[in-house]
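Going by the numbering used here, the sequence shown opens with residue 396, and the numbers climb by one from there.
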Amino acid sequence: MPRTTPLYYEYPYLREFESGVLKLVSFDENCYVVLEQTCFFPEGGGQLGDSGFLIGSTGKLKVVDTQAADDVIVHVAVSVGGEVKEGEAVHGSIDWNVRYNRMRQHTGSHVLFSSIKKVLSLKELMYMGVQIKEDVSRIDISYGKPISPGQLREIERLSNKVCLENRRVKTWSTTRDEAERTYGKRLGLTEVTPSGMVRVVEVEGWDVALCCGTHVSSTAEIGLIKVLDRFRLQKGVERIEFTAGERAYKYYDDSMETLSALAQLLQSSTREVVGRVGLLMEERDRLKEELEKVKNQLVEAKATELLDQGEAFGEFRLLVKELPKVGAHGLKRMASTLVKREPYLVVILGSAVEKACIIGAAGEKAVERGIDMAETIREAAEVIKGGGGGTAKIAQAGGRETSQLEKALHQYAEKVSRRLRALLQ
Ligand SMILES: [Zn+2]
Numbered sequence: 396m397p398r399t400t401p402l403y404y405e406y407p408y409l410r411e412f413e414s415g416v417l418k419l420v421s422f423d424e425n426c427y428v429v430l431e432q433t434c435f436f437p438e439g440g441g442q443l444g445d446s447g448f449l450i451g452s453t454g455k456l457k458v459v460d461t462q463a464a465d466d467v468i469v470h471v472a473v474s475v476g477g478e479v480k481e482g483e484a485v486h487g488s489i490d491w492n493v494r495y496n497r498m499r500q501h502t503g504s505h506v507l508f509s510s511i512k513k514v515l516s517l518k519e520l521m522y523m524g525v526q527i528k529e530d531v532s533r534i535d536i537s538y539g540k541p542i543s544p545g546q547l548r549e550i551e552r553l554s555n556k557v558c559l560e561n562r563r564v565k566t567w568s569t570t571r572d573e574a575e576r577t578y579g580k581r582l583g584l585t586e587v588t589p590s591g592m593v594r595v596v597e598v599e600g601w602d603v604a605l606c607c608g609t610h611v612s613s614t615a616e617i618g619l620i621k622v623l624d625r626f627r628l629q630k631g632v633e634r635i636e637f638t639a640g641e642r643a644y645k646y647y648d649d650s651m652e653t654l655s656a657l658a659q660l661l662q663s664s665t666r667e668v669v670g671r672v673g674l675l676m677e678e679r680d681r682l683k684e685e686l687e688k689v690k691n692q693l694v695e696a697k698a699t700e701l702l703d704q705g706e707a708f709g710e711f712r713l714l715v716k717e718l719p720k721v722g723a724h725g726l727k728r729m730a731s732t733l734v735k736r737e738p739y740l741v742v743i744l745g746s747a748v749e750k751a752c753i754i755g756a757a758g759e760k761a762v763e764r765g766i767d768m769a770e771t772i773r774e775a776a777e778v779i780k781g782g783g784g785g786t787a788k789i790a791q792a793g794g795r796e797t798s799q800l801e802k803a804l805h806q807y808a809e810k811v812s813r814r815l816r817a818l819l820q
């Protein structure tokens, strides 16, 4: 096939064109069209292939992708009516909004690249990958250290300054040797930059790179650059995600909407939000502390009430009690408080808040005499279909079968009281 004349380099703003159809091959659902000339950009340099329409005298094709095979540009299309034939002339139009967005993002990536170099004080930096997409674009760079949030902000600030300065963006072709001679280490290269004829893209006084993508002609057209994220892709390679143009504006707009909603919730101005949230968190910590105090007081009060109850076994006493509304944490606290106050006491408490829970605790004297609360806790745990364990002093069981709590409590208490009786003989 003869070389396709690309129109997108000489006329990057060209949206429509006329061309003869050199070749058209149908395969499965798609047809593959080669034209004499085209302004459809084929995928390359991290930029996706253009989409759009090709319209002939009796048919219309929707171009879904554009690819290049050497110097031949192939339009991947589907028929949307009639027939387009080899040899006829077609009118081509590209999806301009998509393409223009990519031109902005692509130019933005070049501005960012030199901002990164400046902020990180690097003389040399290499592109390890570029991807230009409508939502999130990214550049991967040869840099082995994490870039701090402060540095990222400075990179973004500098990039937007360059946008506002409305610097010219110039492109031309030369050989790679010539470009390297002229620009030395300033030149932005990738590992796959070809060695023959290359395309130089220069952001006046800021950045110069070898790149085959399409670009806007001045930095003001980028509009706005927003750095979104960074992370280490692999050893020695950092990835920076960003967006530019309308997407960047949308990002700020969405962020402001969230901030305004927060301010409204807090009944403050957006400037006061951080201070207000800080106060709320202090308040929360104070309330948590207070709640903890009140809970302890409640446990103490309840413990006093329970202390006289239970069945006597000589000098020992066994207290078995179901406290239905107290969670596992509260049960444990209650059991510990009780046995601390009364060294001859053995306590078995149960509850079923979300799951069934049993706590067994023995006072110091009971433990000294040989009571081991962990001895039979696993058998009780099996009844409530769960697990358990602990020490001689305190043991715990938890299980999902809340309906079996009473049975499990009874069984555990039975075993412990048998042990107490044995101690007395
Ligand atoms: Zn580029």
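Note that CB positions come from ideal geometry on N, CA and C, so glycine has one too.
Using a threshold of 7 Å, is the CB atom of residue i nearer than that to any non-hydrogen atom of ligand 1?
{"i": "V564", "result": "no"}
{"i": "C606", "result": "yes"}
{"i": "V821", "result": "Missing from the structure shown is residue 821; the chain here goes from 396 to 820 and no further."}
{"i": "G440", "result": "yes"}
{"i": "V557", "result": "no"}
{"i": "V598", "result": "no"}
{"i": "H505", "result": "yes"}
{"i": "H610", "result": "yes"}
{"i": "H486", "result": "no"}
{"i": "H501", "result": "yes"}
Less than 8 Å separating the beta-carbons of residue i and residue j?
{"i": "E411", "j": "H486", "result": "yes"}
{"i": "Y807", "j": "I772", "result": "yes"}
{"i": "R736", "j": "L702", "result": "yes"}
{"i": "I789", "j": "A698", "result": "no"}
{"i": "V593", "j": "R571", "result": "yes"}
{"i": "V632", "j": "D535", "result": "yes"}
{"i": "L740", "j": "I754", "result": "no"}
{"i": "L375", "j": "Y522", "result": "This structure does not reach residue 375, given that the chain is present from 396 up to 820, and the question cannot be answered."}
{"i": "G440", "j": "V525", "result": "yes"}
{"i": "E695", "j": "T732", "result": "yes"}
{"i": "T614", "j": "V506", "result": "yes"}
{"i": "V471", "j": "Y427", "result": "yes"}
{"i": "S509", "j": "W601", "result": "yes"}
{"i": "V734", "j": "A756", "result": "yes"}
Closest to residue i by CA distance: which of the options is it?
{"i": "R562", "options": "V531, R571, E586 and G503", "result": "G503"}
{"i": "E573", "options": "G591, Q526 and R548", "result": "G591"}
{"i": "S554", "options": "Y495, T399 and T638", "result": "T638"}
{"i": "K621", "options": "V593, R548, V603 and G673", "result": "R548"}
{"i": "G545", "options": "A464, G765, A756 and I511", "result": "I511"}
{"i": "E586", "options": "S537, T566, F626 and T399", "result": "S537"}
{"i": "E478", "options": "T461, I450 and Y495", "result": "I450"}
{"i": "P738", "options": "L714, L718, P719 and G745", "result": "L714"}
{"i": "E405", "options": "V762, C434 and V420", "result": "C434"}
{"i": "T453", "options": "A463, A484, A776 and D530", "result": "A484"}
{"i": "Y841", "options": "E424, G444 and Q659", "result": "The structure shown does not extend to residue 841, since the chain spans only 396 to 820, so no value can be given for it."}
{"i": "K645", "options": "L623, R627 and Q659", "result": "L623"}
{"i": "T588", "options": "T569, W601 and E599", "result": "T569"}
{"i": "E777", "options": "V762, E710, A463 and E796", "result": "E796"}
{"i": "Q462", "options": "P437, D530 and V734", "result": "P437"}
{"i": "V514", "options": "E551, D490 and R634", "result": "E551"}
{"i": "D530", "options": "L818, Q442, R581 and G447", "result": "Q442"}
{"i": "P407", "options": "T566, K683 and E706", "result": "T566"}
{"i": "A792", "options": "V557, L657, P397 and G781", "result": "G781"}
{"i": "K688", "options": "R581, R728, A643 and R497", "result": "R728"}
{"i": "E560", "options": "V598, R533, L800 and K528", "result": "V598"}
{"i": "R764", "options": "G447, G709, G783 and V420", "result": "G709"}
{"i": "A707", "options": "E519, S812, K455 and V429", "result": "S812"}
{"i": "V429", "options": "K480, V475 and L409", "result": "K480"}
{"i": "L818", "options": "L605, A761 and R681", "result": "A761"}
- Query: Counting Cβ pairs, one atom from each stretch, are 3 or more of them under 8 Å apart for the region 642 to 652 and the region 539 to 551?
  - Reply: In this structure the region 642 to 652 does not lie against the region 539 to 551, because fewer than three pairs of beta carbons, one per stretch, are closer than 8 Å.
Note to self: Whether or not the region 750 to 758 and the region 715 to 727 are in contact is what I'm after, with contact meaning three or more pairs of Cβ atoms, one per stretch, closer than 8 Å; do they touch?
What the structure shows: These segments touch.
>> Threshold first: 3 residues or longer. Then list the beta strand (DSSP E) segments lying entirely within the region 467 to 546, N to C.
In response: The beta strand (DSSP E) runs of length 3 or more contained entirely in the region 467 to 546 are, from start to end of the chain, 467 to 477, 484 to 489, 522 to 526 and 532 to 537.
Decide if the region 605 to 621 is in contact with the region 493 to 507; the criterion is three or more beta carbon pairs, one per stretch, under 8 Å apart.
-> Verdict: yes, contact present.
_beta strand (DSSP E) segments (min. 3 residues) lying fully within the region 598 to 683_ = If one requires a minimum length of 3 residues, the beta strand (DSSP E) runs lying completely within the region 598 to 683 are 602 to 605, 620 to 629 and 632 to 639, in chain order.
Which full runs of the alpha helix (DSSP H) of 4+ residues lie inside the region 542 to 589, going along the chain? For the alpha helix (DSSP H) assignment, the uninterrupted runs of no fewer than 4 residues enclosed by the region 542 to 589 are, from N- to C-terminal side, 544 to 559 and 571 to 578.
*Complete alpha helix (DSSP H) runs within the region 683 to 719 (minimum length 4 residues, chain order)*: Runs of alpha helix (DSSP H) with 4 or more residues, each lying fully within the region 683 to 719, are absent.
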